[in-house]
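The structure appears right after this line, and notes come after that.
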Amino acid sequence: MAPPLEPSAMHELSLVMHLLEVVEEQARQESFQRVSALDVEVGELAAVELEAFRHCFEVASTGTVAEGAALHLVCAPGSACCRACAARFHLPELGRPCPRCGSTRLEIVSGRELRLRALEVC
Ligand SMILES: [Zn+2]
């Protein structure tokens with residue numbers, strides 16, 4: 029199966045909206061008004077176009093506590109475990125077979141997540 033193409037940035041936009049919800053929720057709990065920087069971990073297998081993600085963030089953060097905040101994107105490596113031979117290895121993209129036995133029955137261990145690692149508040 030070919031990896032899905034992104035004709036628009038809908039995928040990135042929905043991830044950005046979710047991220048902003050998390051940020052606003054933290055702002056409510058810790059009662060801060062403004063975020064100056066965000067540290068976001070993006071998994072290699074999350075199918076996120078970083079430039080599109082940045083652009084969506086700039087647009088969607090307008091009017092939120094994260095408006096104008098610096099966005100630091102950190103790439104998290106993808107890794108998988110083979111269900112056939114139990115090898116564990118670095119998986120840079122989905123659809124690749126196990127480098128040891130060639131099986132495609134893989135379990136993704138990490139690299140699909142998009143995670144807010146840190147917030148800087150002014
Ligand atoms: Zn294998």
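With my numbering applied, the sequence shown covers 29 to 150.
We treat Cβ as the ideally placed atom computed from N, Cα and C, and that holds for glycine.
If you measure from the CB of residue i, is any heavy atom of ligand 1 nearer than 8 angstroms?
i, result
"CYS126", "yes"
"SER131", "yes"
"CYS110", "yes"
"ALA115", "yes"
Are the beta-carbon atoms of residue i and residue j separated by less than 9 angstroms?
i, j, result
"VAL50", "LEU144", "yes"
"LEU48", "ALA94", "yes"
"LEU142", "VAL70", "yes"
"GLU135", "CYS109", "yes"
"ARG124", "CYS113", "no"
"ARG82", "LEU99", "yes"
"VAL44", "ALA97", "no"
"CYS126", "ALA115", "yes"
"VAL68", "LEU101", "yes"
With DSSP as the reference, identify every bridge partner of residue i, one or two as the case may be.
i, result
"HIS100", "ASP67"
"ARG116", "CYS109"
"SER59", "DSSP, once it has assigned bridges, lists no residue as partnering SER59."
"ALA146", "ASP67"
On the premise that residue j lies in contact with residue i, defined as a C-beta separation below 8 angstroms, what is that separation, rounded to the nearest angstrom?
i, j, result
"SER107", "VAL137", "5 angstroms"
"THR92", "GLU52", "6 angstroms"
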